[in-house]
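Novice: So that we are looking at the same thing, I have put the structure below in structure tokens.
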Amino acid sequence: NAGVTQTPKFRVLKTGQSMTLLCAQDMNHEYMYWYRQDPGMGLRLIHYSVGEGTTAKGEVPDGYNVSRLKKQNFLLGLESAAPSQTSVYFCASTYSGRAREGEQFFGPGTRLTVL
Amino acid sequence: DAKTTQPTSMDCAEGRAANLPCNHSTISGNEYVYWYRQIHSQGPQYIIHGLKNNETNEMASLIITEDRKSSTLILPHATLRDTAVYYCIVRANTDKLIFGTGTRLQVFP
Chain X
2 NAGVTQTPKF
12 RVLKTGQSMT
22 LLCAQDMNHE
32 YMYWYRQDPG
42 MGLRLIHYSV
52 GEGTTAKGEV
62 PDGYNVSRLK
72 KQNFLLGLES
82 AAPSQTSVYF
92 CASTYSGRAR
102 EGEQFFGPGT
112 RLTVL
Chain L
55 DAKTTQPTSM
65 DCAEGRAANL
75 PCNHSTISGN
85 EYVYWYRQIH
95 SQGPQYIIHG
105 LKNNETNEMA
115 SLIITEDRKS
125 STLILPHATL
135 RDTAVYYCIV
145 RANTDKLIFG
155 TGTRLQVFP
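Here is the structure:
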């Protein structure tokens, strides 16, 4: 099993450009998440999905859109990148949303710089 | 979700037990205590979680006080590879983990 993979690993954008980050998991997990982590900070939830075809907003959703057309994939889009979106982006997945069995598996991260 | 309080940093000698404390005085009855760690700039890694009983797995032990207002993560024999930021998180049956800034554990030779 590859677990949770993220594409690309690194990216540099200019202000105003758009891009899509891809997260894929091969564990048949229902729940998937996108987080961002700024230097010296903890992770903050951007958007999440509780199943194929569903999405919901997290703590910091502005400037991002997501789609979950297939169960194994969760896409994060930046329509018009801004320097404030320079960050490391982590994807995660879990089988269940219930706290007693909700171990999240994280991907390796995508390092995005917006100039 | 309840907030947690952790020390900013801790040191531990290699081979000794690392005891990482966490205060969660406003935890409610249905909230679990989770621990994750983040090594350098990798994705966070799940360690352990519990509700009210002490828990142990191959990585660590989790000790939760009887009143559930605090807990301690124990790494029984710390190694240099355990140097990381450790996050204590409490969550109920919601979908979301709320990460704080964690404890930076430095294991030294």
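As you go down the protein sequences, you meet chains X and L in turn.
Residues in the first sequence are numbered consecutively from 2, following our numbering.
Residues in the second sequence are numbered consecutively from 55, following our numbering.
C-beta atoms are modelled at their ideal positions from N, C-alpha and C, and glycine is treated no differently.
Quantities reported herein were computed from a predicted structural model and do not represent experimental measurements.
Taking the C-alpha atoms as reference points, what is the distance between L/Ile152 and X/Gly64?
Specialist: 20 Å
Novice: Find the residues of chain L that neighbour X/Gly110, judging by a C-beta separation of less than 8 Å, and give them in chain order.
Specialist: Ser95, Gln96, Gly97
Novice: Can you name the residues of chain X whose CB is closer than 9 Å to the CB of L/Thr155?
Specialist: Gly41, Met42, Gly43
Novice: Using a Cβ distance threshold of 8 Å, determine whether the segment 4-13 of chain X contacts the segment 34-45 of chain X, with at least three qualifying pairs required.
Specialist: no
Novice: With distances taken from CA atoms, which of L/Asn77, L/Thr59, L/Asn73 is nearest L/Asp121?
Specialist: L/Asn77
Novice: Can you check whether the CB of X/Arg45 is closer than 7 Å to the CB of X/Glu60?
Specialist: yes
Novice: Please compile the residues from chain L whose C-beta is within a distance smaller than 9 Å of the C-beta of X/Phe91.
Specialist: Gly97, Pro98
Novice: For X/Leu46, which residues in chain L fall below 7 Å Cβ to Cβ?
Specialist: Lys150, listed in chain order.
Novice: Verify the CB distance criterion: does X/Phe107 have a CB-CB separation below 7 Å to chain L?
Specialist: yes
Novice: Closer than 7 Å by C-beta to L/Asn73: which residues in its own chain qualify, once you throw out the five before and the five after it? Chain order, please.
Specialist: Thr126, Ile128
Novice: By Cβ distance below 8 Å, which residues in the same chain neighbour X/Phe106 in space, the five residues on each side in sequence not counted?
Specialist: Gly4, Val5, Gln26, Met28, His30, Ala93, Ser94, Thr95
Novice: Figure out for me which residue from X/Gly103, X/Ser50, X/Gly43, X/Asn66 has the closest Cα to the Cα of X/Ser22.
Specialist: Per the sequence presented here, residue 22 of chain X reads as Leu, with Ser not at that position. Closest by alpha carbon: X/Asn66.
Novice: Opposite X/Lys58 in the DSSP bridges: which residues?
Specialist: In the DSSP assignment, X/Lys58 is bridged to X/His48.
Novice: L/Tyr141 versus chain X: which residues are under 9 Å apart at the beta carbon?
Specialist: Gly43, Leu44
Novice: For L/Ser124, which three-state DSSP category applies?
Specialist: Of the three classes helix, strand and coil, the one that applies to L/Ser124 here is strand, per DSSP.
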